[in-house]
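Undergrad:
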Amino acid sequence: MQDLFDYAQKSGIELKNVGRCQFCYSNVSKGVFECEGNLNHLTQILDFNNPIYYETRFLSVDAMALQHCELHGPWNNHIHLTRLYLIFEKNIKWDYAKTPLLSNIINAYKKDKTEFLTPPPFGERGQLTTLDLLNASTPEECINVVKSWATEVYHSFSEHQTLISSLANSFLNRYG
Ligand SMILES: [Zn+2]
16 MQDLFDYAQK
26 SGIELKNVGR
36 CQFCYSNVSK
46 GVFECEGNLN
56 HLTQILDFNN
66 PIYYETRFLS
76 VDAMALQHCE
86 LHGPWNNHIH
96 LTRLYLIFEK
106 NIKWDYAKTP
116 LLSNIINAYK
126 KDKTEFLTPP
136 PFGERGQLTT
146 LDLLNASTPE
156 ECINVVKSWA
166 TEVYHSFSEH
176 QTLISSLANS
186 FLNRYG
């Protein structure tokens with residue numbers, strides 16, 4: 016996450032460490048730093064090295080990244096959103112080997128493009144936030160809350176559905 020905070024700094028975004036999160040508007044008291052810390056709650060309950068929790072790990076990474084998408088380069092949104100599409104709409108069982116393949120698709124797509132997809136406004140990227148993760152106390156509750164969180168974030172980007180489904184189809188045609 017340090018790299019991401021460095022990215023924000025380079026991009027001229029001042030990160031606030033007091034009050035609600037400036038990106039997802041979660042009702043935390045230490046801003047996005049607390050959101051980031053809340054993610055650790057998952058690793059206290061789930062062993063993310065266990066393949067049965069891979070999907071939950073990917074969903075949490077995508078939900079976090081898209082809800083706080085000013086903390087990374089704009090093309091990353093295409094990767095996170097297309098991965099959510101493939102998991103949710105195409106029932107793709109995601110694993111670590113697939114992410115670089117998806118990057119290949121996005122890299123080919125972006126070659127002659129200068130426009131990025133526009134994220135929803137701050138605070139309108141899903142009602143659930145990292146704060147809701149803290150209510151989960153069992154592996155099953157973690158899996159469920161992460162899935163709900165990622166689903167809400169995914170739907171908040173729905174105006175880009177056409178673009179994302181076409182990127183997903185490129186992925187499936189090449190690697191499916
Ligand atoms: Zn946040």
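Start counting the sequence shown at 16; every next residue gets the next number (my numbering). Every residue, glycine too, gets a C-beta built ideally from N, C-alpha and C.
(1) Select from Glu156, Lys31 and Leu178 the residue whose C-alpha is nearest the C-alpha of His56.
(2) What is the DSSP secondary structure of Lys45, counted as helix, strand or coil?
(3) On a CA-only basis, which of Tyr68, Ile158, Gly138 and His175 is nearest Asn42? Give me that one, please.
(4) Could you pull out every residue in the same chain whose Cβ sits closer than 8 Å to the Cβ of Gly46, ignoring the five residues on either side in sequence?
(5) Return yes when at least one heavy atom of ligand 2 lies under 8 Å from the C-beta of Cys157, else no.
(6) What are the residues that DSSP puts in a beta bridge with Gly34?
(7) Mind pulling the alpha helix (DSSP H) runs of 4 or more residues that sit fully within the stretch 57-119?
(8) What three-state label does DSSP hand Phe20 in the structure shown?
TA: The answer reads as follows:
(1) Locating residue 56 in the sequence shown gives position 41, where the first residue counts as 1. If we check each option's Cα against that of His56, Glu156 comes out closest.
(2) Position 30 of the sequence shown holds residue 45. Residue state, collapsed to three classes: strand.
(3) The sequence position of residue 42 within the sequence shown is 27, counting from 1. Of Tyr68, Ile158, Gly138 and His175, the residue nearest in Cα terms is Gly138.
(4) Here residue 46 refers to the residue found at position 31 of the sequence shown. Only Leu30, Lys31, Asn32, Val33, Gly34, Arg35, Cys36 and Gln37 meet the Cβ criterion.
(5) No copy of ligand 2 appears in this structure; the ligands present are ligand 1.
(6) By one-based count along the sequence shown, residue 34 stands at place 19. Beta-bridge pairing links Gly34 to Lys45.
(7) 69-82 and 90-103
(8) Your numbering for residue 20 matches position 5 in the sequence shown. Looking at Phe20 - three-state DSSP - the assignment turns out to be helix.
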